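**Q**
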Amino acid sequence: MKSMTGFGRATAALGASTLTVQVNSVNRKTLDLAISLPAEWDEYEAPAGELARKYAARGKVSIRFDVTGTEGAQSQPVTWDEAAVDDTLDKLAAQAERRGLKLDITPELLWSVVSSQRKKTDLPADDSVRATVLATLDEALRAFSAMRAKEGDALLADFNTRIQTITAHLDAVAALAPAVAPAWREQLMKRLREAGLEINPDDERVLKEVALFADRCDIAEEITRLRSHLSQFSALLRSDAEIGRKAEFILQEMGREVNTIGSKANNIEISRRVIEMKNELERVREQIANVE
53 MKSMTGFGRA
63 TAALGASTLT
73 VQVNSVNRKT
83 LDLAISLPAE
93 WDEYEAPAGE
103 LARKYAARGK
113 VSIRFDVTGT
123 EGAQSQPVTW
133 DEAAVDDTLD
143 KLAAQAERRG
153 LKLDITPELL
163 WSVVSSQRKK
173 TDLPADDSVR
183 ATVLATLDEA
193 LRAFSAMRAK
203 EGDALLADFN
213 TRIQTITAHL
223 DAVAALAPAV
233 APAWREQLMK
243 RLREAGLEIN
253 PDDERVLKEV
263 ALFADRCDIA
273 EEITRLRSHL
283 SQFSALLRSD
293 AEIGRKAEFI
303 LQEMGREVNT
313 IGSKANNIEI
323 SRRVIEMKNE
333 LERVREQIAN
343 VE
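Mapping the sequence shown onto our numbering, position 177 (from 1) lands on 229, and the numbers just tick up by one.
#1: Quick one: what does DSSP say Ile87 is sitting in, helix, strand or coil?
#2: What are the partner residues of Thr63, as DSSP defines its beta bridges?
#3: What are the boundary residues of the beta strand (DSSP E) that Val119 is part of?
#4: As a quick exercise: from Leu222, Glu92, Glu95, pick the residue whose alpha carbon is nearest that of Gly307.
#5: Beta carbon of Val73, beta carbon of Phe59: below 8 Å?
#6: Quick one: what's got a C-beta closer than 7 Å to Asn342's C-beta in the same chain, skipping five residues either side?
#7: Ignore the nearest five residues each way along the sequence and tell me which others in Ile215's own chain have a CB closer than 7 Å to its CB.
#8: For Ser291, does the three-state DSSP call read helix, strand or coil?
#9: Around the C-beta of Phe117, are 16 or more other C-beta atoms found within 10 angstroms, so that it is buried, or is it exposed?
#10: Using the DSSP secondary-structure output, state which residues sit across from Ser77 in a beta bridge.
#11: Around the C-beta of Ala98, are 16 or more other C-beta atoms found within 10 angstroms, so that it is buried, or is it exposed?
#12: Give the range of the alpha helix (DSSP H) segment to which Glu95 is assigned.
#13: If we call anything under 8 Å between Cβ atoms a contact, is Leu83 one with Ala64?
#14: Give me, in chain order, the residues of the same chain whose beta-carbon lies closer than 7 Å to that of Glu328; leave out the 5 immediate sequence neighbours on both sides.
#15: Out of Ala68, Leu193, Val336, which has the shortest C-alpha to C-alpha gap to Thr213?
#16: Can you confirm whether the segment 88–103 touches the segment 156–165 when touching is taken to mean that 3 or more C-beta pairs between the two stretches lie within less than 8 Å?
#17: Less than 8 Å between the CB atoms is what I'm expecting for Ala184 and Leu71, so what's the real figure, rounded?
#18: Thr276: buried (16+ other C-beta within 10 angstroms of its C-beta) or exposed?
#19: Return yes when the Cβ of Ile271 is within less than 8 Å of the Cβ of Ala198, no when it is not.
#20: Give me the Cα-Cα distance between Leu288 and Ala192, rounded to the nearest whole angstrom.
#21: Rounded to the nearest angstrom, what separates Glu95 and Gln304 at their Cα positions?
#22: Which residues mark the beginning and the end of the alpha helix (DSSP H) in which Asn318 is found?
#23: Who does Val343 pair with in a DSSP beta bridge?
#24: Just to check my reading of the structure: Glu300 and Ile340 have Cβ atoms closer than 8 Å, yes? What is that Cβ distance to the nearest angstrom?
#25: Using the Cα positions of Arg182 and Glu274, report the straight-line distance between them to the nearest angstrom.
#26: Give the straight-line distance between the Cα atoms of Glu123 and Val166, rounded to the nearest whole angstrom.
#27: Consult DSSP for Leu155 and reduce its assignment to one of helix, strand or coil.
Written out as structure tokens, the structure reads:
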């Protein structure tokens, strides 16, 4: 099991400069890759994405490549052609004027023009650099994956504890269930006697009411299905595959069974146990959103 949150970092020398690759992720139902590369290395985006998919199946994964000089300052400062920027803005103003419009140079427009006139730096992009870039990314991804696995182990321990708690409550419910109908029968006869109605316990009308109530409060099927879901969930937690989506579905089914048990079982202690199971399921559901 792996968490969807993680962080990894790796560095490598590139001549007199240092390449730093950082990988981090947050929760997302699908895999969403965001790769930030220097313009000279755009061709590395596809192989970088392919490599990242080997380590992550879900989550918003951000990968950033930075090149710094030996003194720690950015070796390739961001620059742009100021003359070209001015020329572009003048042409936009002229176009607007011809159409009877006033050009409003907003920060967004200025940044768009500046970005379009950004000067390229002279970062190398030969085969040796490609190998270093991808090897450094792989190192960062391995650290990232290790952190996600460590967090996944902690989540697994928490899930196992909560599943054990739910199972204990379910065992108690199963033990209490057979006594619900007989207890209701006794209460019914008591109310009839208190009302001054002496009715034979074997009266057909009494037997019919007891049978109907017993049928309405029968939770044997729900208990069986909930046990099956708990078993499936525990087996899924032990698997090495992506488990997030399937786990969410099983938890949804478990919630349905618990709700049905609560609505059918006419017993205070069973109701208390149902509330505890709901609380545990909600905690598991919140945490499963962090699992890949």
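Virtual Cβ for every residue (Gly too), placed ideally from N, Cα, C. Note that the structure is a prediction, hence the values are computed from the model and not measured.
**A** Checking against the coordinates, here is how it stands:
#1: strand
#2: Thr72
#3: In the DSSP assignment, Val119 falls within the beta strand (DSSP E) that extends over 111–120.
#4: That would be Leu222, whose Cα lies nearest to the Cα of Gly307.
#5: Contact check for Val73 against Phe59 fails: the beta carbons are separated by 8 Å or more.
#6: Ser55, Met56, Thr57, Asn79, Leu207
#7: Within the same chain, Ile215 has close Cβ partners Leu282, Phe285, Ser286.
#8: coil
#9: buried
#10: Gly58, Val113
#11: It counts as exposed.
#12: Premise fails: Glu95 is in no alpha helix (DSSP H) and is neither H nor E.
#13: no
#14: His221
#15: Val336
#16: A contact between stretches requires three or more CB pairs, one per stretch, nearer than 8 Å, and the segment 156–165 fails this requirement with the segment 88–103.
#17: Strictly speaking, residue 184 in this sequence is Thr, with Ala absent from that position. Right, the Cβ-Cβ distance comes to about 7 Å (below 8 Å), so this counts as a contact.
#18: exposed
#19: no
#20: Distance between the alpha carbons of Leu288 and Ala192 is about 28 Å.
#21: Rounded to the nearest whole angstrom, the C-alpha separation of Glu95 and Gln304 is 44 Å.
#22: According to the DSSP assignment, Asn318 belongs to no alpha helix (DSSP H), since it is labelled neither H nor E.
#23: DSSP lists Ser55 as partners of Val343.
#24: 6 Å
#25: 58 Å
#26: Here the model assigns Glu123 a pLDDT of 43, short of 50, so the residue's position is not dependable, and the following value carries that caveat. Each residue's alpha carbon lies about 28 Å from the other.
#27: coil
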